[in-house]
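Visitor:
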Amino acid sequence: MRTDHVRAPFHFLRAALLSTGILSLAAGAHVLGGGELPAAGILLAVLALTVLAATTATRLKLNFAAMTALLGAGQLALHEVFTVFSTPVIAAGPAPTGTHHLSGTALPALEAAAHLHATGTTGGLVMLVTHTVATAACALLLTKGEAALWSLAAWLRPLVRLPEAVTPDAGPPPWVPGPPAVLPLRPWRNLRQHSRRGPPSAVVLP
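Listed below in structure tokens is the structure:
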């Protein structure tokens, strides 16, 4: 899991995918294990809490290890919630009327219980392995989608960047008239003033 100062992209979509994966795996495993789901109101409350937790977690970029840990912890928590709030299933049947009838029905029940005990260990192991593989596959898919969404956001971010305010160029400062600049005197130049003497008037006048 890696923190990033950049705002998390596609936050709602990523949170929805993560919460859907957690709730689907937990509900499927609970039903396949022989349990029942709680009432619709409790399921909505569980969904809201799952979305809240997923929204908090998806503020960061999640890798495969973090995604697997979130899926596993979420399924364990939801399994306990489903077990507590689900209604137990009670098999309804006619009450026994006599000792002979009780002994006649007890033997098939004991045989069925023994068969379930014999196959329960193998079935539970297969269920655990199947559930673990499903969790890892879901975590891998969500991680690939996570990486794809972050890459897409990095590619789109320069294209959707908001335009920045541009200040116009003020140009050169306005010209302010001032006193004429005094040129420095050069010592090697002729510093004598020009003579006002001109040609004789007899030459100039006709």
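Numbering-wise, this note's numbering comes out as the position in the sequence shown, counting from 1, plus 98.
Every residue gets a Cβ at the ideal spot worked out from N, C-alpha and C, and that includes glycine.
(1) Suppose you measure from the CA of His310 to the CA of Trp273; what does that come to, to the nearest Å?
(2) Within a Cβ cutoff of 7 Å, which residues of the same chain sit near Ala237, ignoring the five residues on either side of it in sequence?
(3) When the Cα of Val149 is compared with those of Ala113, Gly243, Glu244 and Thr233, which residue comes out closest?
(4) Exposed or buried, Gly172, counting other C-beta atoms within 10 Å across all chains shown (16 or more means buried)?
(5) Determine the burial state of Ala146: buried for a count of at least 16 other Cβ atoms within 10 Å of its Cβ, exposed for fewer.
(6) Is the CB-CB distance between Leu116 and Leu247 below 8 Å?
(7) What does the alpha-carbon distance come out to for the pair Ala124 and Thr230?
(8) For the alpha helix (DSSP H) that contains Phe110, what are its first and last residues?
(9) Tell me whether Glu244 is buried or exposed, calling it buried when 16 or more other Cβ atoms sit within 10 Å of its Cβ.
(10) Only counting the same chain, and skipping five residues up and downstream in sequence, which positions put a Cβ closer than 7 Å to that of Pro107?
Guide: Inspection of the coordinates gives the following:
(1) In the structure displayed, the chain extends from 99 to 304; residue 310 sits before or after that span and is not available.
(2) The count along the sequence shown starts at 1 and reaches residue 237 at position 139. Here the set comprises Phe162, Met165, Thr166 and Leu169.
(3) One-based indexing of the sequence shown puts residue 149 at position 51. That would be Ala113, whose Cα lies nearest to the Cα of Val149.
(4) Numbered from 1 along the sequence shown, position 74 holds the residue referred to as residue 172. Buried, by the Cβ-count rule.
(5) The residue you call residue 146 lines up with position 48 of the sequence shown. With fewer than 16 other beta carbons inside 10 angstroms of its own, Ala146 counts as exposed.
(6) Translated into the one-based positions of the sequence shown, residue 116 becomes position 18. Translated into the one-based positions of the sequence shown, residue 247 becomes position 149. 8 Å or more divides the Cβ of Leu116 from the Cβ of Leu247.
(7) Here the question's residue 124 lines up with position 26 in the sequence shown. Here the question's residue 230 lines up with position 132 in the sequence shown. Looking at the two C-alpha atoms, the distance is approximately 12 Å.
(8) As a working mapping, residue 110 is identified with position 12 in the sequence shown. Here the alpha helix (DSSP H) through Phe110 covers His109 to Leu130.
(9) Stepping through the sequence shown from its first residue, residue 244 is reached at position 146. Sixteen is the threshold: when 16 or more other Cβ atoms of the shown chains lie within 10 Å of the Cβ of Glu244, as they do, the residue is buried.
(10) Numbered from its first residue, the sequence shown carries residue 107 at position 9. Apart from sequence neighbours up to five positions away, the residues of its chain that approach Pro107 with a beta-carbon distance below 7 Å are Leu247, Trp248 and Ala251, ordered along the chain.
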